[in-house]
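Protein chains in written order, with this note's numbering: chain F, 941 to 1086; chain W, 8 to 317; chain L, 6 to 431.
Working notes for the structure below.
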Ligand code: NA
Ligand code: NA
């Protein structure tokens, strides 16, 4: 995570210096930045799933009695896990299709290498929510996302 | 899918053609257009064609280069100096490009010319040496444009199309090469002061339909679609030519100065273009036989012209 | 069948399913029924990389985390106190201004209430302000400042609007300037209310002293230039917004880590992770809403909605009224980032057809969202304040009512007086 963020910061800063002082720039710089932000997004989403701190709108369960809401949360985590599995499957299928293609995202990095974070992330999030279904104590759901 | 906005003459023509095709094939072929880039940029559209969500898309020739690399032959810098010349060359090479796309997996219905891209800038540029001191925008980082930029000794600044206006406002870039119509449609002209009247490259667009999807419809219906869409593209081709002339005049009216380089400046441009051509040959971004064909067609046209003119 | 499935997903979302998963699920079900290969989700999720100024989101978020983790909130309060504390009602005004500035940089993540509220709430009570008033003030100030640059929601609105086909030219810079006057109006009205609402006995907290002014400024001398560099740079066109984000992060890293030494170098990885988890949460919602939007377009829903609204609502005035009511409710239930990414693509064309300038729409949208943060029963600031100050939620409700009415008045002015937002927009 730290590596991703600081490589983004470094290349973005380098671009500014090159553009403003040397009137040039890295041709691949912006494509690289875009790819890194995609990775930050999906890796960050994986981190957030550790304790189910994804942004959500639990307006109903918030007002349910504790014993009942524990059950509801297990069900919700189970469903989340199923949808993640489906998303991982279909996006994985697409990445496989992309491997046949020769387009590069930046420099010599093929586009599927960048895209592969999408199925990986969904798979990991799916597993995390499956675990949370069996052990919801690890989740924090106070509705405050700070 | 197409990047042309709803209400533009492109979309009007497309919608009319969809009606005609539907009527003439007894509703067996229905075409749905998604305007204004709502399906994403050309890259996203091509992906959606691959998973068969879409069957085709209207896009610029460059986006399809990886299916037929010689389709970028008109992107060789400074090859043409008049539209008449282009017309002659296109009558020879367009059919080859259409054939090439077909082999690459796309059915097209002729090319709609987008006119020349001119250099437009905030400060006057008449010779290629001046260009080195400027921040030049490039829309893409494909091999053909890279080879040209290399020849001109420029390291261009790539930005997505949506960021160009802001880039001009903040002086991130100060020089672009584009067609007058695009400059006006995208409001870029509000940030520019000069147009250099050197036709850099020639731009065109096609409607590319996935060949596998196309072959699925009845042979008779295929013929109808080809006939109607070819008619549409012939009309669009003629129309955009006039549009570009009008747009150039409109730019001048709005106080943008049109710069005509001197003969010695022109020679310098040509010299750099030769270098670009050598680069292209070397990098195999275009096939040598295609470059040769273009040159041969051009010189035979030029010879005929000088023979007939007094 | 499709409708039943979609409704059940919405229900599960209200039970607490991660929002981005719920959005994606609706899109997947829809695509399935439209007979489209579900591989499409990967294509549309990936389209997020084409979002203009995308890198500004992680960069500004991290900048906000740097500010929150340092002692900049204390330094900020000390400077504003020294400058304004001598005024009758001065501390209340200090609280408003400090919160607005802090929120502009840190976003409406609840940080303002947690970091600044903890400083200001006891200070207000100690200075003789009524307890309930103090509570209401810090709670409602928690989202004040959303309209000031470089507030992330403001940038996000611009980013999304720029992806769309809009009939008028606009830039994100336009949007950033447009928020200034409406934001100042909100502060001014709240300040007036703070003075009047105290029934004439609004204490001044400290006598004016040049010494304190110069000392507090000296203490905060490395942070004071930041808004000036940033805003000056953007408005004068010295740097683009994406460059401003880079400059802000590097400047703050140097100042907080090496000059003030508030943050230790080895704390950085942890801080980056925290910030990027927040960014991830926003980006995946943004990405999955691209998938949902793509489904809406596949079934041509925007056109249908557009036709329906233009047929049933006649005047721009009634459109704006309905828009306000709708957004206030939405703002109470949905977090600001989700609200923006889901609603803006649908609202923008409709608003344009009623002649509402996209920049004005952006300001109306955010003003509504800001009030939504404190709208009972579920506004997020209410919960954060209840948690932070250990007060029952009902007491928080009562304390914020007055402030909310004042903000609604400001909202009415902002909505029906477009010039306030558009005066600097060409
Ligand atoms: Na906040
Ligand atoms: Na930049």
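All C-beta atoms, glycine included, are put in the ideal place defined by N, C-alpha and C.
Residues 128, 131, 264, 266 of the same chain have their beta carbon placed closer than 6 angstroms to that of residue 201 of chain W, with the five preceding and five following residues left out of the count. According to DSSP, residue pairing for residue 126 of chain W in a beta bridge involves W/184, W/203. Counting the other Cβ atoms within 10 Å of the Cβ of residue 403 of chain L gives fewer than 16, which makes it exposed. Taking 8 angstroms as the cut-off, the Cβ atoms of residue 278 of chain W and residue 298 of chain W do not count as close. For residue 58 of chain W, the closest Cβ of chain F is nearer than 8 angstroms.
For residue 224 of chain W, no beta strand (DSSP E) segment is defined, and its DSSP state is neither H nor E.
Judged by pairs of C-beta atoms under 8 angstroms, the region 973-993 of chain F does not touch the region 179-199 of chain W, as fewer than three such pairs exist.
Among the residues facing chain L, residue 41 of chain W is included, as its CB has a counterpart in that chain under 8 angstroms away. Nearest CB-CB separation between residue 33 of chain L and chain W: not below the 8 angstroms threshold.
Taking the Cα positions, residue 283 of chain L is about 11 angstroms away from residue 69 of chain L. When secondary structure is reduced to three states using DSSP, residue 217 of chain W falls in the strand class. Look at residue 266 of chain W here: in three-state DSSP terms it is strand. According to DSSP, residue 145 of chain W shares a beta bridge with W/165. For residue 81 of chain W, the secondary structure class from DSSP, reduced to helix, strand or coil, is helix.
Pairing residue 215 of chain L with residue 81 of chain L, the inter-Cα distance amounts to about 17 angstroms.
Residues of the region 1045-1073 of chain F that bring their beta carbon within less than 7 angstroms of a beta carbon in chain L comprise 1055, 1058, in sequence order. Between residue 295 of chain W and residue 208 of chain W, the C-beta spacing is not below 8 angstroms. Annotation: the continuous beta strand (DSSP E) that includes residue 1046 of chain F extends over 1044-1046.
Look at residue 1013 of chain F here: in three-state DSSP terms it is helix.
Within the model, the alpha-carbon separation for residue 304 of chain L versus residue 90 of chain W is close to 42 angstroms. Interface annotation, residue 967 of chain F: not in contact with chain L, CB-CB separation never under 8 angstroms. DSSP places residue 208 of chain W within a strand segment (E or B) once states are collapsed to three. Judged by their CB atoms, residue 72 of chain W and residue 240 of chain W are not nearer to each other than the 8 angstroms cut-off.
Residue 985 of chain F is positioned such that its CB atom lies closer than 8 angstroms to that of residue 286 of chain L. With contacts defined by Cβ atoms closer than 8 angstroms, residue 96 of chain L and residue 999 of chain F do not form a contacting pair. Put simply, of L/162, L/423, L/238, L/219 the residue whose alpha carbon is nearest the alpha carbon of residue 352 of chain L is L/162. Residue state for residue 66 of chain W is assigned as strand, using DSSP reduced to three classes. A residue is called buried once 16 or more other Cβ atoms fall within 10 Å of its Cβ, and residue 105 of chain W is buried on that count. The three-state reading of DSSP puts residue 429 of chain L in coil, since its state is none of H, G, I, E or B. Below 8 angstroms, too few C-beta pairs join the region 941-950 of chain F and the region 25-41 of chain L to call them touching: fewer than three. Counting the other CB atoms within 10 Å of its CB gives residue 270 of chain L a total below 16, which places it among the exposed residues. Proximity of residue 348 of chain L to chain W, defined by a Cβ-Cβ separation below 8 angstroms, is not satisfied.
Judged by DSSP secondary structure, residue 1063 of chain F falls within the alpha helix (DSSP H) whose first and last residues are 1057-1074. Residue pairing by DSSP puts residue 1050 of chain F in a beta bridge opposite F/1044. Spanning the alpha carbons of residue 228 of chain L and residue 257 of chain L requires a straight line of approximately 8 angstroms.
In the structure shown, residue 121 of chain W falls within a strand segment according to DSSP collapsed to helix, strand and coil.
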